[in-house]
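Below is one structure; the comments refer to it alone.
Protein chains: 2
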Amino acid sequence: MATGASFEPVRAVRAYERVVEQIEDAVLRGDLKPGARLPSERDLMGQFRVSRSTVREALRVLESGGLLRCRPGDPLGAEVLTISPSTLTRSMTRLMHVDGLRLVEVVQFRMMLDASANLLAARLRTEEHLTAMQAALDTMAANVSVGYTQFSFADAAFHDAVAAAAGNTLVQVGVEAVRGVVVGLIAKKIALAKDQPALMEKSLRHHARVLEAIREQDGPRAAQLARESLFAYYADEVPDADRERLRALLDPVQHAV
Amino acid sequence: MATGASFEPVRAVRAYERVVEQIEDAVLRGDLKPGARLPSERDLMGQFRVSRSTVREALRVLESGGLLRCRPGDPLGAEVLTISPSTLTRSMTRLMHVDGLRLVEVVQFRMMLDASANLLAARLRTEEHLTAMQAALDTMAANVSVGYTQFSFADAAFHDAVAAAAGNTLVQVGVEAVRGVVVGLIAKKIALAKDQPALMEKSLRHHARVLEAIREQDGPRAAQLARESLFAYYADEVPDADRERLRALLDPVQHAV
DNA sequence: ATGCATTTGTTCGTATGTATC
DNA sequence: AGATACATACGAACAAATGCA
């Protein structure tokens, strides 16, 4: 060590990554606003001094990242899109599908997210939010006799309305993603259940109580309702050894003593 | 409408997307476990019946998504990676740079995650976890005089140890991702700060109190400590209008009355 | 430790269907 | 409706890098 400087290992950065980087930076800097069009692929290969394939690989990456939309034969070039949380949802969903992830972890996570969403929603909701939640609840009630899939859609709409009232994009996409994973994990259990209407009625009553708590701006009760009902729904589905891990989140105050 | 069936518009799905879809599904199904290798690009173009360029575009997308790692000249083929929160961090970072996502939302989300992680850790920690946290804390203390970057690494190690004690992969990666975003946002603020050592000392004291609460298995106190310290750190950084949104999460019990 | 076979990174040329003017 | 420019997709080729005998 003749010098005091510390060197870091350099990883070979490929050509297409440099192209992605430059375009992404331009978008993030606001140099390329949503709706703007990129030059044609041939122009780009001239500007970046790389081959057509390299440009295309970069465009595919940016397209799959949700920053661009490319259409075949569009003389205007690729369109810059407004950044959306769709990729965040995909990342979260992927993360939750990873093997070795057990149901208890997903349910735990959902207990945290739903409770926080309800807490925030109770504190920050407006009248518009309340009417949206009520509408979703009415749809749920109407769909009990229709079928579980329709009921499930209305259920998702209710949770979405709550997350919207909470006013946090991360909570919103998190709730959406984790809910999708959970229902995916127990879908066949529901399909095999003898008395689906009873399950839906039970779910309906719980959602009504949540809405009531949010309407009365009772955040802690809304949060606790989320934790309790999720525990009640899924405690039987997890192994005995894991049930304690769910209970650890159930009522924080209990553990204070 | 001669038929009762309802048709949906089909969007032209490109060849590389089909390839991405198939490989991604195989990984998510667990058919391709981390560490497994993909066939060579020439084999893949044979199996998918597409050209090499198409295969490469798909591989680039999967690589940028963090599912694969490709190396030039590797006869073993692309390696399937373990899902990491890096892409989640990137998505969140992008979302924030476009001001669709504000600092208040990220701090809110971190308050939720850190509080829950501390709560679970206090309830479920073992002696091994405690020694790991203590070791990270000692490293933080030793690095106060060294520099902020080293201190920050030890800080991350502490939070990682707490998340590990919580025993939930989703919490772990979530904490890591959101922490990365937050420190990235206020990095220059720290760099410009007059008295970095004072900030580090303050942070050190806070972490020591958290460890104490976790050691005593006082979950609610550990959770509240996380919320309070994050609020104290970042309340000044958010606009006045947003501060109320942070306070809504600060002490849930207060809002009960 | 050396060389060899294989693979990836990159480039170029070409044919085909498509969107815009 | 036609012409033009474009993206999609294919295939071949060369250099650099890797793993294995």
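Heads up: the sequence lines are chains A and B, in that order.
Per the numbering used here, residue 205 is the first one in the first sequence, and the count goes up by one each step.
Per the numbering used here, residue 205 is the first one in the second sequence, and the count goes up by one each step.
Quick reminder that beta carbons are idealized off the backbone N, C-alpha and C, glycines included.
Along the region 313-330 of chain A, going in chain order, the ones with a CB nearer than 7 Å to a CB of chain B are Phe313, Met316, Ser320, Leu323, Leu324, Arg327 and Leu328. Collapsing the DSSP output to three states places Leu280 of chain A in coil.
Straight through space, the alpha carbons of Thr297 of chain B and His410 of chain B are spaced by roughly 27 Å. A straight-line Cα-Cα distance of about 15 Å links Val223 of chain B and Asp235 of chain B. Here Pro443 of chain A is exposed. Its C-beta has fewer than 16 other C-beta atoms within 10 Å. If you check each beta-carbon in the region 333-347 of chain B against every beta-carbon of chain A, none falls closer than 7 Å. Per DSSP, Thr293 of chain B is one residue of the alpha helix (DSSP H) stretching across Ser290 to His301.
Contact note: Pro289 of chain A reaches chain B through Leu299, using a C-beta cutoff of 7 Å and chain order. Restricting attention to A:Glu225, A:Thr335, A:Gln312 and A:Glu245, the CA atom closest to the CA of Tyr437 of chain A is found in A:Gln312. Contact between Ala381 of chain A and Ala365 of chain A does not hold, since their C-beta atoms are separated by about 17 Å, which reaches or exceeds 8 Å. Think of a sphere of 7 Å around the beta carbon of Arg264 of chain A: the chain B residues whose beta carbon falls inside it are Tyr220, Glu261, Arg264 and Val265, in chain order. Residue state for Arg233 of chain B is assigned as coil, using DSSP reduced to three classes. From the beta-carbon of Leu453 of chain B, the residues of chain A found nearer than 8 Å are Ser320, Leu323 and Leu324. Contact check for Arg314 of chain B against Val231 of chain B fails: the beta carbons are separated by 8 Å or more. Per DSSP, the unbroken alpha helix (DSSP H) holding Ala412 of chain B starts and ends at Gln400 to Arg419. In the three-state reduction of the DSSP assignment, Leu272 of chain A falls in the strand class, which pools E and B. Taken in chain order, the members of the region 239-263 of chain A whose beta-carbon sits within less than 7 Å of a beta-carbon on chain B are Ser257, Arg260 and Glu261. Counting only residues of its own chain and dropping the five nearest sequence neighbours on each side, Gly371 of chain A has a CB closer than 8 Å to the CB of Leu324 and Leu328. The beta strand (DSSP E) runs of length 3 or more contained entirely in the region 345-401 of chain A do not exist; there are none. Taken through DSSP and simplified to helix, strand or coil, Arg451 of chain B comes out as helix. Between Leu415 of chain B and Arg431 of chain B the beta-carbon gap is near 17 Å, outside 8 Å, which marks them as no contact.
Distance between Arg273 of chain B and Gln400 of chain A, taken at the CA atoms: about 45 Å.
For the pair Glu228 of chain A and Leu285 of chain A, the CB atoms are not nearer than the 8 Å cut-off. When DSSP reads this structure, Arg241 of chain A sits in a beta bridge with A:Glu283.
Nearest CB-CB separation between Val386 of chain B and chain A: not below the 8 Å threshold.
Within chain B, Leu292 have C-beta atoms less than 7 Å from the C-beta of Met296 of chain A, given in sequence order. Counting the other Cβ atoms within 10 Å of the Cβ of Pro424 of chain B gives 16 or more, which makes it buried. When Cβ-Cβ separations below 8 Å define contact, Leu429 of chain B makes no contact with chain A. In terms of beta-carbon proximity, Arg413 of chain A stays away from the interface with chain B, with every pair separated by 8 Å or more.
When DSSP states are grouped into helix, strand and coil, Pro424 of chain A belongs to the helix group.
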